[in-house]
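Chemist: Take any residue in the sequence shown, note its place counting from 1, add 1262, and you have its number in the working numbering.
All residues carry an ideal CB built from backbone N, CA and C; glycine is no exception.
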Amino acid sequence: MSWWVVALRLTGLGWYIAFCVVAGIALGIGMDRLTGLSPLFAIVGVILGSVVAFWGVYRMILPVLYGSRKPDAAEQGRDE
1263 MSWWVVALRL
1273 TGLGWYIAFC
1283 VVAGIALGIG
1293 MDRLTGLSPL
1303 FAIVGVILGS
1313 VVAFWGVYRM
1323 ILPVLYGSRK
1333 PDAAEQGRDE
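#1: Which of helix, strand or coil does DSSP assign to Gly1286?
#2: Taking the alpha-carbon positions, what's the Pro1325 to Phe1316 distance?
#3: I believe Val1314 touches Cys1282 by the beta-carbon criterion, under 8 angstroms. Please report the beta-carbon distance rounded to the nearest angstrom.
#4: Compare the beta carbon distance of Ala1304 and Gly1290 with 8 angstroms and say whether it is the shorter of the two.
#5: Distance, Cα to Cα, Gly1276 vs Val1306?
#6: Which of the three DSSP states is assigned to Ser1264 in this structure?
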């Protein structure tokens, strides 16, 4: 895989993180204006946006970590 393909994938991950965090902040600020609880929902939006962003990034890089196949239960430490 060439370097520019890797660069584009990493740029996409960056945009995904930024979108999730900004969307969480925007929704939090909107909820703050509706309810009048000024910093509460903005803080919750930042936290939830960050959690969703990093969970999504984790799920996106699983194929990179384990190749093109999905890890089975034994590799994840689970017993069936």
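Modeler: Taking the geometry as given:
#1: Reading the sequence shown from its first residue, position 24 is the one you call residue 1286. Helix.
#2: Walking along the sequence shown from the start, residue 1325 turns up at place 63. Walking along the sequence shown from the start, residue 1316 turns up at place 54. One C-alpha to the other measures close to 15 angstroms.
#3: Reading the sequence shown from its first residue, position 52 is the one you call residue 1314. Reading the sequence shown from its first residue, position 20 is the one you call residue 1282. So it is a contact: roughly 5 angstroms between Cβ atoms.
#4: The count along the sequence shown starts at 1 and reaches residue 1304 at position 42. The count along the sequence shown starts at 1 and reaches residue 1290 at position 28. Going by C-beta atoms, Ala1304 is nearer than 8 angstroms to Gly1290.
#5: Within the sequence shown, residue 1276 is the residue found at index 14, counting from 1. Within the sequence shown, residue 1306 is the residue found at index 44, counting from 1. When rounded, the distance between both Cα atoms is 21 angstroms.
#6: On the sequence shown, position 2 is the one that residue 1264 refers to. Three-state result, Ser1264: coil.
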